[in-house]
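For the record, in the sequence shown the residue sitting at position 504 is 507 according to this note's numbering, with numbers rising by one throughout.
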Amino acid sequence: MRYVIIGAGAVGSTVAAQLQLAGLPVVLIARGEHGAKIREQGLRYFRPNGEQLVRVPVAGNAEEVELTSSDVLVVATKTQDTEAVLQEWSWRPAGSGLAADLPVVMLQNGLENERAALRRFATVFGASLWMPASYIDPGEVSAQGAELPGILWLGQFPSGDDPRLSTIASDLRTAGFGVQLVPDLLRWKAGKLLANLGNAVDALFGHDERTASLNRELRAEGRRVLAAAGIEPVDLREASEIDTSAANPAEIPGRPRAGSSTRQSLARGAGSVEGDYLNGEIVLLGRLHGVPTPFNAAVQRRLALAASRGEAPGSADPSQLDLPRPPVLISADELQRQLDSSAPPVLLDVRWALGDPNGHRHYLDGHLPGAVYVDLDTELAAPPSPAEGRHPLPDLDALQAAARRWGIREGSSVVAYDNSGNLAAARAWWLLRWAGVADVRLLDGGLAAWGDRPLETGFGRNPEPGDVVLKPGHLPVLSIDEAAALPGKGTLFDARAGERYRGEQEPIDPRAGHVPGAISAPTGENLTAEGRFHSPEQLAARFRELGAAEGPVGVYCGSGVTAAHEIAALAIAGIDAALYPGSWSQWSNQPDRPATTGPNP
């Protein structure tokens with residue numbers, strides 16, 4: 004077999020160099036200055052163990068190559084160039100037949116390439132690639148894989164057992180690559196696609212603490228979309244028979260790694276980038292299957308603008324990314340549609356009310372089909388203490404164990420509800436959002452909004468354990484000192500009933516009154532008589548009138564439960580707010596903290 008490698012970027016040049024060094028027949032299709040330099044001087048090929056000048060045969064286009072029936076076409080261009088490549092090569096003469104009769108190997112990211120090739124080629128192979136390589140300067144390519152230049156999980160698309168695949172795999176192993184044949188190529192490519200969703204973030208902003216949460220949002224969104232599309236992505240590291248660390252990037256002296264393939268395209272001023280087929284693939288599948296993809300859509304759009312403007316890699320400001328606010332609410336009709344889909348949300352029944360210890364009894368009497376019961380006192384809070392309050396934030400490991408017990412997986416969507424206008428369920432909403440679960444919503448109207456749809460009774464089902472990894476800090480919190488200082492520079496809302504704010508009664512905590520400077524904003528007034536949230540416009544008007552116009556906003560209540568409900572209402576109104584978890588139950592237990600009574604702050 005001779006390998007005709009179309010595309011001389013980082014991947015194509017690395018494969019061509021390794022095949023040439025192994026003495027296997029190869030020709031590299033390389034255009035422009037890059038192709039001219041390789042033709043004139045050879046390819047300067049850098050590996051962690053040194054540099055070699057590889058005299059790989061080069062052609063500039065299909066006209067310069069006389070194909071034979073024993074050739075294999077290898078497409079290693081960016082996905083946005085695939086259609087032009089297929090048009091150029093598919094109907095070329097190849098021995099007694101056409102190029103479309105030859106096997107074609109698609110060495111590209113995304114899910115579109117193999118499908119596009121199958122329109123013309125009867126035998127299509129593809130690969131999920133793990134190949135840290137860089138191409139910035141013409142005539143030079145660096146392959147930074149430590150022990151292996153790359154790993155290829157190789158398969159036939161959409162399925163099949165063509166014997167030529169084994170020969171191709173053997174040749175690639177001879178050339179120094181790690182190769183594993185896989186029967187379910189789409190799942191392996193989907194696993195790589197999830198990893199590639201961060202390419203745009205790397206290209207636009209670089210990698211730092213500002214972008215870590217954005218990457219998590221992109222991948223969580225991607226998992227939801229793939230689940231809705233019926234695609235179960237493979238975890239490449241866990242499922243690989245080849246130790247992936249063998250291809251981890253290693254230092255090449257004097258040649259720092261250039262970042263993701265998308266970043267390299269932006270650095271070269273290529274004018275087009277593959278975002279439309281990475282983040283854009285998630286957007287496409289989301290639109291086809293009715294799953295919102297606001298994060299991937301925003302990143303796709305911003306990357307396209309950066310490429311068209313010729314922006315330098317890493318020069319964009321993530322704070323200026325046009326990201327929509329995550330939705331807070333879901334209607335009963337939309338929840339029913341999602342429950343009937345192939346990727347239903349995790350349902351949490353959080354029935355709890357002050358003075359009512361029978362939340363689990365209410366759950367047993369009737370709950371939404373598939374819902375799991377969540378105990379607010381033991382699962383959504385740490386044990387009470389005078390120093391921390393009645394409902395301190397739970398230990399993160401304990402919360403993660405509970406979330407997994409409820410069935411929450413990486414990328415899961417979650418819906419919480421109760422029978423009290425979400426005054427309790429909002430605690431689960433806030434905690435999970437704070438801990439990094441991207442898609443958590445409240446059933447607007449709670450259990451009553453479910454109407455006459457059927458309920459389940461009894462203990463319900465045991466969900467399959469989840470695998471979610473929780474990380475704190477995705478929503479802001481206030482310490483007791485920060486809450487005390489906030490009225491001087493922003494707005495601190497007291498979400499309790501007015502009579503407790505004014506100090507007219509205090510049935511639970513040791514002292515009556517409120518934090519000096521706090522403004523009374525009873526959270527019950529965020530709801531209609533039916534227990535639904537008022538409209539975003541009404542809520543925004545309410546909070547503006549109360550003083551949330553400028554500066555930071557914080558919220559407390561008795562113990563940090565109904566304050567989460569107020570934060571949900573503020574989020575619906577488009578206002579970010581921080582939670583003071585200790586709330587009045589902590590403040591009133593500190594003798595040195597002053598308490599104000601009466602109607603004024």
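All residues carry an ideal CB built from backbone N, CA and C; glycine is no exception. Please read these numbers as outputs of a predicted model, since none were measured by experiment.
Taking just the CA atoms, how far does residue j sit from residue i?
| i | j | result |
| --- | --- | --- |
| residue 443 | residue 186 | 35 Å |
| residue 30 | residue 415 | 46 Å |
| residue 214 | residue 70 | 47 Å |
| residue 3 | residue 110 | Residue 3 is absent from the structure shown; the chain starts at 4 and stops at 604. |
| residue 60 | residue 15 | 13 Å |
| residue 124 | residue 112 | 19 Å |
| residue 174 | residue 167 | 11 Å |
| residue 248 | residue 97 | 40 Å |
| residue 449 | residue 354 | 10 Å |
| residue 282 | residue 221 | 8 Å |
| residue 197 | residue 226 | 8 Å |
| residue 386 | residue 518 | 23 Å |
| residue 308 | residue 293 | 26 Å |
| residue 58 | residue 28 | 12 Å |
| residue 25 | residue 268 | 29 Å |
Looking only at its chain, what residues have a beta carbon closer than 8 Å to the beta carbon of residue i, apart from the 5 residues adjacent to it on each side?
| i | result |
| --- | --- |
| residue 491 | 520 |
| residue 433 | 478, 567, 570, 571, 582 |
| residue 456 | 335, 339 |
| residue 467 | 410 |
Near residue i, which residues of its chain fall below 6 Å by C-beta distance, leaving aside the five closest residues on each side in sequence?
| i | result |
| --- | --- |
| residue 237 | 190, 191, 194 |
| residue 325 | 301 |
| residue 646 | No answer is possible for residue 646: it lies beyond the span of the chain, which begins at 4 and ends at 604. |
| residue 78 | 9, 88, 109 |
| residue 598 | 514, 516 |
| residue 508 | 502 |
| residue 103 | 93, 123, 124 |
| residue 201 | 218 |
| residue 382 | 405 |
Looking at residue i: is its Cβ nearer than 8 Å to the Cβ of residue j?
| i | j | result |
| --- | --- | --- |
| residue 451 | residue 534 | yes |
| residue 21 | residue 128 | no |
| residue 206 | residue 266 | yes |
| residue 558 | residue 543 | no |
| residue 133 | residue 158 | no |
| residue 149 | residue 250 | yes |
| residue 378 | residue 420 | no |
| residue 463 | residue 552 | no |
| residue 429 | residue 446 | no |
| residue 162 | residue 147 | no |
| residue 277 | residue 81 | yes |
| residue 460 | residue 369 | yes |
| residue 177 | residue 228 | no |
Near residue i, what residues of its chain come up, given a Cβ to Cβ distance below 7 Å and the 5 sequence neighbours on each side ignored?
| i | result |
| --- | --- |
| residue 99 | 72 |
| residue 38 | 11, 61, 63 |
| residue 505 | 600, 601, 602 |
| residue 68 | 7, 30, 62 |
| residue 275 | 83, 310 |
| residue 412 | 469, 470, 471 |
| residue 424 | 449, 530, 534 |
| residue 280 | 82, 83, 113, 115 |
| residue 235 | 190 |
| residue 209 | 317 |
Relative to the C-alpha of residue i, which residue among the options is closest?
| i | options | result |
| --- | --- | --- |
| residue 101 | 114, 76, 575, 83 | 76 |
| residue 260 | 489, 51, 565, 578 | 51 |
| residue 511 | 589, 538, 479 | 589 |
| residue 530 | 560, 307, 551, 571 | 571 |
| residue 342 | 230, 91, 471 | 230 |
| residue 469 | 515, 417, 460, 433 | 417 |
| residue 116 | 410, 160, 27 | 160 |
| residue 285 | 274, 304, 273 | 304 |
| residue 575 | 330, 337, 157, 224 | 330 |
| residue 142 | 269, 7, 55 | 55 |
| residue 151 | 245, 103, 409 | 245 |
| residue 422 | 406, 362, 403, 431 | 362 |
| residue 594 | 19, 264, 389 | 389 |
| residue 350 | 333, 356, 371, 177 | 371 |
| residue 577 | 546, 252, 563 | 546 |
| residue 482 | 499, 550, 396 | 396 |
| residue 487 | 596, 398, 562 | 596 |
Compute every distance between the C-beta of residue i and the non-hydrogen atoms of the ligand MG, then say whether any falls below 7 Å.
| i | result |
| --- | --- |
| residue 398 | Annotation note on the ligand MG: not contained in the displayed structure, which lists no ligands. |
Segments assigned alpha helix (DSSP H), at least 4 residues, entirely inside the stretch 57-105
85-92
Counting only runs that start and end within the stretch 167-192, where is the beta strand (DSSP E) found for 3 or more residues in a row?
181-184
Residue ranges of each alpha helix (DSSP H) within the stretch 372-439, 4 or longer
If we require 4 residues or more, the alpha helix (DSSP H) runs fully inside the stretch 372-439 come out as 379-382, 399-408, 428-437.
Contiguous beta strand (DSSP E) assignments of at least 3 residues, all confined to the stretch 507-581
556-559
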